[in-house]
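*Asks:* Pasting a structure here, questions to come.
There are 2 protein chains.
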Amino acid sequence: MERILLLLGLLRQHATHGYELTAFVEGAMSACVDLKKPTAYFLLDKMAASGWVMVQETREGNRPPRKTYSLTTSGEAEFQRLLRINLAAFSLPKLSNDIGIAFVDAIDKAEALALLQTRREHLLTQMNQTQHAPQHAGSLQLLIEHQQYVLNSELAWLDTVILRMSQVAT
Amino acid sequence: MERILLLLGLLRQHATHGYELTAFVEGAMSACVDLKKPTAYFLLDKMAASGWVMVQETREGNRPPRKTYSLTTSGEAEFQRLLRINLAAFSLPKLSNDIGIAFVDAIDKAEALALLQTRREHLLTQMNQTQHAPQHAGSLQLLIEHQQYVLNSELAWLDTVILRMSQVAT
DNA sequence: TTTTCCATGTAACTCGTTACATGATTTC
DNA sequence: GAAATCATGTAACGAGTTACATGGAAAA
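Chains as they are written, first to last, in numbering that gives the first Met the number 0: chain A, 0 to 169; chain B, 0 to 169.
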């Protein structure tokens with residue numbers, strides 16, 4: 000549902016074909032969005048079948064033909080509907096990645112600290128990637144800002160855990 | 000994989016049957032973990048087939064028989080393996096719930112602010128539930144603390160977005 | 001000349017959920 | 001007497017991923 004909203008929102012800004020769409024999502028938005036090519040093509044088909052987008056095939060020379068999608072009136076309506084639902088809702092993804100944290104005390108303190116340092120480096124790598132992400136127009140940029148904000152706060156939390164742990168007796 | 004780690008970790012603390020396990024997870028841990036009964040039963044079967052747990056059936060009177068699971072040596076080894084992988088890794092769930100944020104500017108400022116207020120209330124409700132969650136032993140408690148920390152930081156972020164938006168011209 | 005890019009898809013698979021089935025037993 | 005609790009599962013479904021297929025064109 001978020002993915003449909005995303006595709007409708009992007010197509011609303013300007014009509015494009017699937018390849019360009021997925022290239023943009025997997026490129027410039029890869030830091031905060033996960034949408035693979037087959038899923039995108041599948042959803043675009045579905046959206047066309049639902050009448051939310053119009054398809055127009057174009058062929059430039061001998062290149063593989065493009066299917067250019069553009070929002071219909073009912074597509075705009077669906078976008079507005081999904082947008083309202085999404086903005087009003089809030090749900091944290093449970094069971095994210097820290098089940099391990101719940102059982103840290105099952106292993107040696109020194110090794111646990113080393114593992115958490117590795118985790119910390121992965122986090123830093125992701126922060127780095129996010130900072131090198133290209134600038135976006137308007138509220139699209141909020142997505143990236145949020146991602147950066149979350150990574151920052153996760154780093155702060157991890158550091159308090161590491162600190163607490165290194166102070167406690169083995 | 001996180002779910003297997005969770006089940007192994009809980010069974011390591013003390014052997015139980017599926018019903019009690021799922022009752023605990025869906026009750027005391029419901030704030031930070033999502034694991035439904037059928038999934039749990041399915042995974043317990045799988046874990047037994049993999050030799051990570053031993054099954055012992057007991058029947059009390061005319062009650063439905065219980066299958067009590069207890070960790071084997073290879074189960075403990077698998078737990079240790081998964082724990083190390085999980086602690087060292089880090090990955091944020093992408094496309095969480097704020098695709099809508101990316102398209103806020105597609106709707107009227109006043110309505111957007113109202114929708115975000117609704118979102119804020121959902122957030123507060125979740126914070127409330129988390130604060131009423133029972134205390135856990137040892138590092139299990141860290142899971143809940145993290146959840147509370149994340150909710151707090153999400154609230155702070157949402158408030159900056161609301162503030163920024165209410166200051167900007169329509 | 002081999003790799004990468006363009007452009008679209010299909011098929012098989014994994015993982016998890018929802019809804020349902022069963023049947024005795026305690027609680028209201 | 002009806003509803004909730006105990007205790008385990010099955011079947012159908014949905015959403016998304018990976019791996020693969022195709023085939024020309026541009027770049028290295």
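Glycine is no exception: its CB is placed at the ideal position from the N, C-alpha and C atoms.
Give me the chain A residues within the contact set of histidine 145/B, using Cβ-Cβ distance strictly less than 8 angstroms, ordered along the chain.
*Replies:* What histidine 145/B touches in chain A: Asp97, Ile100 and Trp156.
*Asks:* Could you tell me whether the Cβ of tyrosine 40/A comes closer than 8 angstroms to any Cβ of chain B?
*Replies:* Not an interface residue.
*Asks:* In chain B, which residues lie with their C-beta within 7 angstroms of the C-beta of leucine 122/A?
*Replies:* Within 7 angstroms Cβ-Cβ: Phe89.
*Asks:* According to DSSP, is serine 49/A helix, strand or coil?
*Replies:* Three-state result, serine 49/A: coil.
*Asks:* Grouping DSSP H, G and I as helix and E and B as strand, with all else coil, what is valine 160/B?
*Replies:* DSSP places valine 160/B in helix when its eight states are reduced to three.
*Asks:* Using the beta-carbon of each residue, which ones in chain A are nearer than 9 angstroms to threonine 15/B?
*Replies:* Going along chain A, no residue has its Cβ under 9 angstroms from threonine 15/B, so there is no contact; the nearest lies around 16 angstroms.
*Asks:* Starting from the C-beta of methionine 126/B, find all residues in its chain whose C-beta is less than 6 angstroms away, skip the five residues before and the five after it, and write them out in chain order.
*Replies:* Once the five neighbours on either side are set aside, the close Cβ partners of methionine 126/B are Leu150.
*Asks:* With a floor of 3 residues, list each beta strand (DSSP E) that falls wholly inside the stretch 14-97 of chain A, ordered by position along the chain.
*Replies:* Within the stretch 14-97 of chain A, the complete beta strand (DSSP E) runs of at least 3 residues are 52-57 and 65-70.
*Asks:* Given glutamate 77/B, which residues of its chain have a CB within under 7 angstroms of its CB, disregarding the five upstream and five downstream residues?
*Replies:* The answer, listed in chain order, is Leu7 and Trp51.
*Asks:* Span of the alpha helix (DSSP H) holding glycine 8/B?
*Replies:* First-last of the alpha helix (DSSP H) with glycine 8/B: 1-12.
*Asks:* If you reduce the DSSP assignment to three classes, tell me which class aspartate 107/B lands in.
*Replies:* DSSP places aspartate 107/B in coil when its eight states are reduced to three.
*Asks:* Quick check on glutamine 166/A: does DSSP put it in helix, strand or coil?
*Replies:* Note: glutamine 166/A maps to helix in three-state DSSP.
*Asks:* So, leucine 123/A versus leucine 86/B, is the Cβ gap smaller than 8 angstroms?
*Replies:* Taking 8 angstroms as the Cβ cut-off, leucine 123/A and leucine 86/B do not qualify as a contacting pair.
*Asks:* Rounded to a whole number of angstroms, what is the C-alpha to C-alpha distance between aspartate 33/B and alanine 27/B?
*Replies:* So the two alpha carbons sit approximately 11 angstroms from each other.
*Asks:* Using a cut-off of 9 angstroms between C-beta atoms, extract the partners of valine 103/B located in chain A.
*Replies:* Residues of chain A passing the Cβ test: Leu82, Leu86, Gly137, Ser138 and Leu141.
*Asks:* Let me check understanding here. Comparing Cα to Cα, which of Arg58/B, Thr159/B, Arg83/B and Asn96/B lies closest to serine 90/A?
*Replies:* The option with the nearest alpha carbon to serine 90/A is Asn96/B.
*Asks:* Measuring alpha carbon to alpha carbon, tell me which residue in Thr67/A, His145/A and Ala48/A is nearest threonine 57/A.
*Replies:* Nearest C-alpha to threonine 57/A: Thr67/A.
*Asks:* Strictly under 8 angstroms for the Cβ-Cβ distance: is lysine 35/A near chain B by that measure?
*Replies:* It does not: the Cβ of lysine 35/A has no partner Cβ on chain B nearer than 8 angstroms.
*Asks:* Mind listing the chain B neighbours of threonine 117/A? Cutoff is C-beta to C-beta under 9 angstroms, in chain order.
*Replies:* What threonine 117/A touches in chain B: Leu86, Ala87, Ala88 and Phe89.
*Asks:* Flag proline 92/A as yes if its beta-carbon sits less than 8 angstroms from any beta-carbon of chain B, otherwise no.
*Replies:* It does: the Cβ of proline 92/A has a partner Cβ on chain B nearer than 8 angstroms.
*Asks:* Please list, in chain order, the chain B residues whose beta carbon lies closer than 9 angstroms to that of glutamine 125/A.
*Replies:* The contacting residues are Phe89, Ser90 and Leu91.
*Asks:* Only counting the same chain, and skipping five residues up and downstream in sequence, which positions put a Cβ closer than 7 angstroms to that of alanine 73/B?
*Replies:* Note on residue identity: the sequence assigns serine, not alanine, to residue 73/B. Within the same chain, serine 73/B has close Cβ partners Gly50 and Trp51.
*Asks:* Leucine 94/A to glutamate 1/B, Cα distance in whole Å?
*Replies:* Straight-line Cα distance between these residues: approximately 7 angstroms.
*Asks:* In angstroms with no decimal places, state the Cα-to-Cα distance between leucine 9/A and alanine 22/A.
*Replies:* Taking the straight line from one Cα to the other gives about 12 angstroms.
*Asks:* Using the beta-carbon count (16 or more within 10 Å), is arginine 80/B buried or exposed?
*Replies:* Arginine 80/B comes out exposed.
*Asks:* Step through the CB atoms of chain B and report whether any lies within less than 8 angstroms of the CB of serine 69/A.
*Replies:* Serine 69/A does not count as touching chain B.
*Asks:* Can you give the Cα-Cα distance for valine 54/A and tyrosine 18/A, rounded to whole angstroms?
*Replies:* Roughly 14 angstroms between the two C-alpha positions.
*Asks:* I'd like to know whether the C-beta of glycine 8/A is nearer than 8 angstroms to at least one C-beta of chain B.
*Replies:* With 8 angstroms as the cut-off, glycine 8/A counts as an interface residue toward chain B.
*Asks:* In whole angstroms, what separates the C-alpha of leucine 141/A from that of alanine 101/B?
*Replies:* Approximately 6 angstroms between the Cα atoms of the pair.
*Asks:* Given a cut-off of 8 angstroms, decide if leucine 20/B and alanine 39/B are closer than it, judged by their beta-carbon atoms.
*Replies:* Yes, they are a contact pair.
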